[in-house]
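*Asks:* Structure incoming, see below.
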Amino acid sequence: MAQVSSISNEQTSPTSKLITLRISRFNPEHDESSGFMEFSVSYEKWTTVLEAILDVKKHHDHSVGVRYSCRQATCGSCGMIINGKPRLACFTKISELNSDVVTVEPMNNFPIIRDLAVKFEKLFDTHQKIKPYLIRDDTEIESNEKEFLQSPEEVEQYIQFANCIKCGLCNSACPTMATDSSFVGPQALAQAYRYVADSRDKGKDSRLKIIDDSHGIWRCHFAGSCSQVCPKGVDPAMGIQLLRGYMLGFRS
Amino acid sequence: MRESTIMKIHYGTALAAVALVAVHILMRLTQGFAESLEYENVLANYKFIPYAAMLELILILLSVHGFNGLRVILLELKQGRIYEKAVSYGCLAAMIGLIAYGSRTIIMTNMGMV
Ligand code: HEM
Ligand code: SF4
Ligand code: FES
């Protein structure tokens, strides 16, 4: 599918500039392999990659497959490989890429639905597998206090990890994910830490047991790519090392 | 065995090997390199029981560490129930095999059987 369609978009304002947007096209239902389509798109200083893709959909080719929703780095839908690096399309300005050519491809380590949209089933499965909720026998309703209070220090232990938006960029960047199809992945491991480190949670042992498996936490080899690409500053690699601390007896 | 137990052994054997291999290298530095490889000197080393015991220990530590490392690499390369079982037991068998063969060399030389 070596199709190149270069349709120049009219420049809409005196400050706008042009880039070539290369979009990876692949429909697993009838394509043997993926190919690129090129579009000439105008952009302003503030135009995001997602806006450029939507511009292509609106004016040139509405069949481009892309997933998005919030457009503000909150829903975690628009992860893709932009100029070789996993990023959120709605959180990446074209101007910050410093390139006349912007190439967008689907995230690595995920099955492709079509073009830029990938399947998230496995990510959600592994996320669920680590029990991403507080585990304890009593409830706030039964307890004398109105709620389970936490000190600012206790909140600090996990709050950074609670910022995860399940965008999957970390799993896409992870070299173990690329070869080990059963690996639990940095997203789920960071969430395992988020709940284990929460002072209100009592599910540490059951969660540590789940990730202590031949395709669990030990298959992380400290590459750190996950933390480099995380758009929310979660730092999954640090979460994994802190979790290891529990498993090796340095933390309790 | 739990994966965390295996990995504790993996890290432990690596640390212990660093210490023992350092002693091994220091012992070798007591002579010139070529001299250290002369037939009589090699035999003498094996006959010196504390040193032979240390070599045996290094053999065990690095076989355990190396074959578990190989198991990890192979588990990440391909997945599947039968394949993973074969990898785990295969690595364990190879580990035992190498330790047995190396021990045979150390024990036979120590006892003057060569
Ligand atoms: C004495 C010095 C050594 C130290 C400190 C050491 C340390 C380590 C550590 C920490 C790992 C885990 C890496 C990870 O999980 O990403 C590892 C893995 C491994 N080691 Fe060693 N090791 C040593 C010597 C050896 C030797 C001599 C061999 C070969 C017989 C070996 C073979 C392996 C293999 C095959 C792996 C798995 C590959 C990997 O996980 O990256 N190591 N080593
Ligand atoms: S840890 Fe970061 S990169 Fe990974 S899914 Fe969560 S927000 Fe995305
Ligand atoms: S569209 Fe929601 S994160 Fe980008």
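Which chain is which? The protein sequence lines are A and B, in order. Those letters in the first sequence? Residues 1 to 252, per the working numbering, in order. Those letters in the second sequence? Residues 1001 to 1114, per the working numbering, in order. Virtual Cβ for every residue (Gly too), placed ideally from N, Cα, C.
Any C-beta of chain B sitting closer than 8 Å to the C-beta of D180/A?
*Replies:* yes
*Asks:* Could you tell me if the beta carbon of G76/A falls within a distance shorter than 7 Å of some heavy atom in the ligand FES?
*Replies:* yes
*Asks:* Taking only beta carbons into account, state which residues of the segment 206-237 of chain A come closer than 7 Å to chain B, listed in chain order.
*Replies:* D212, D213, S214, G216, W218, R219
*Asks:* Measuring CA to CA, which of T74/A, V196/A, E32/A, F91/A is closest to I81/A?
*Replies:* F91/A
*Asks:* Looking at L21/A and V66/A, is the spacing between their C-beta atoms short of 8 Å?
*Replies:* no
*Asks:* Flag this pair as touching only if the segment 167-181 of chain A and the segment 102-109 of chain A have three or more C-beta atom pairs under 8 Å; answer yes or no.
*Replies:* yes
*Asks:* Rounded to whole angstroms, what is the Cα-Cα separation between V4/A and L50/A?
*Replies:* At V4/A, the pLDDT of 48 sits below 50, so the modelled position is not reliable and the matter cannot be decided from this model.
*Asks:* In whole angstroms, what is the alpha-carbon distance linking E121/A and I112/A?
*Replies:* 12 Å
*Asks:* Could you check how far apart the C-beta atoms of S199/A and E156/A are, in whole angstroms? I think they sit under 8 Å.
*Replies:* About 11 Å; that fails the 8 Å criterion.
*Asks:* Please work out which residues of its chain come closer than 7 Å, Cβ to Cβ, to R207/A, disregarding the five sequence neighbours upstream and downstream, and give them in chain order.
*Replies:* I130, K131, A192, Y195, V196
*Asks:* How many whole angstroms separate the CB atoms of A242/A and G168/A, which I take to be in contact at a CB cut-off of 8 Å?
*Replies:* The question names Ala, yet the displayed sequence has Leu at residue 242/A. At roughly 21 Å, the Cβ-Cβ gap does not stay under 8 Å, so L242/A and G168/A are not in contact.
*Asks:* Starting from the Cα of T15/A, find the closest Cα among S40/A, E44/A, S33/A and give me that residue.
*Replies:* E44/A
*Asks:* Tell me, please, whether the CB atom of L1070/B is closer than 8 Å to any CB atom in chain A?
*Replies:* no
*Asks:* At 9 Å on the CB atoms, spell out the chain B contacts of T126/A, in chain order.
*Replies:* Within chain B, no residue comes near T126/A; the closest Cβ sits about 14 Å away, beyond 9 Å.
*Asks:* Going by C-alpha distance, which of D201/A, A223/A, V102/A is nearest Q150/A?
*Replies:* Among D201/A, A223/A, V102/A, the Cα nearest to that of Q150/A is on D201/A.
*Asks:* Quick check for students: name the residue ranges of the alpha helix (DSSP H) that lie wholly in the segment 111-183 of chain A, counting only runs of 4 or more.
*Replies:* List check, alpha helix (DSSP H) in window: 121-129, 152-156, 169-173, 175-179.
*Asks:* By Cβ distance, which residues of its chain are closer than 7 Å to K232/A, with the 5 residues on each side in sequence left out?
*Replies:* Counting only Cβ-Cβ distances below 7 Å, and skipping sequence neighbours, we find N163, C164, I165.
*Asks:* Got a sec: does the ligand SF4 put a non-hydrogen atom nearer than 7 Å to the Cβ of I211/A?
*Replies:* No heavy atom of the ligand SF4 is found nearer than 7 Å to the CB of I211/A.
*Asks:* Kindly list, in the order they appear in chain A, the residues whose Cβ is closer than 9 Å to that of L1075/B.
*Replies:* Those are D180, S182, S214, H215, R219, listed as they occur along chain A.
*Asks:* Note the first and the last residue of the continuous alpha helix (DSSP H) segment covering I256/A.
*Replies:* The shown model of chain A, from 1 to 252, leaves out residue 256/A, and the question about it has no answer.
*Asks:* Please list, in chain order, the chain B residues whose beta carbon lies closer than 7 Å to that of M247/A.
*Replies:* Under the 7 Å cutoff, chain B gives S1004.
*Asks:* Pop quiz: V184/A and H215/A are said to be a contact at Cβ under 8 Å. What is the actual Cβ separation, rounded to whole angstroms?
*Replies:* 6 Å
*Asks:* Quick check: the segment 1093-1103 of chain B against the segment 1056-1067 of chain B, are at least 3 beta-carbon pairs closer than 8 Å?
*Replies:* yes
*Asks:* If you reduce the DSSP assignment to three classes, tell me which class T232/A lands in.
*Replies:* Looking at the sequence provided, one finds Lys at residue 232/A rather than Thr. Coil, per DSSP.
*Asks:* May I have the straight-line CA-CA distance separating G76/A from R87/A, to the nearest angstrom?
*Replies:* G76/A and R87/A have their alpha carbons spaced roughly 10 Å apart.
*Asks:* According to DSSP, is S6/A helix, strand or coil?
*Replies:* In this predicted model, S6/A has a pLDDT of only 45, less than 50, meaning its place in the structure is not dependable; the value taken from the coordinates is given anyway. Coil at S6/A, not helix or strand.
*Asks:* Compute the distance between the beta-carbons of I1060/B and L1020/B, then report whether it is under 8 Å.
*Replies:* no
*Asks:* I'd like to know whether the C-beta of M1007/B is nearer than 8 Å to at least one C-beta of chain A.
*Replies:* yes
*Asks:* Just the C-alpha distance for L1077/B and F250/A, rounded to the nearest angstrom, thanks.
*Replies:* Approximately 30 Å, taken between the alpha carbons.
*Asks:* Return the first residue and the last residue of the beta strand (DSSP E) that K257/A is part of.
*Replies:* Residue coverage of chain A in this structure runs from 1 to 252, which leaves residue 257/A outside it and unanswerable.
*Asks:* Would you decide whether A2/A is buried or exposed? Buried here means 16 or more other CB atoms lie within 10 Å of its CB.
*Replies:* Reliability of the predicted coordinates at A2/A is poor, the pLDDT of 45 falling under 50, and the value obtained from them is presented with this limitation in mind. It is exposed - the Cβ of A2/A has fewer than 16 other Cβ atoms within 10 Å.
*Asks:* Are Q160/A and D235/A close, meaning C-beta to C-beta below 8 Å?
*Replies:* yes
*Asks:* For A188/A, does the count of other Cβ atoms within 10 angstroms reach 16, so buried, or fall short, so exposed?
*Replies:* buried
*Asks:* So if DSSP puts T48/A in a beta bridge, which residue, or which two residues, is it bridged to?
*Replies:* K93/A
*Asks:* Within a Cβ cutoff of 7 Å, which residues of the same chain sit near A178/A, ignoring the five residues on either side of it in sequence?
*Replies:* N108, N109
*Asks:* Taking only the alpha-carbon atoms, compute the straight-line gap between T1109/B and A1017/B and give it to the nearest angstrom.
*Replies:* 23 Å
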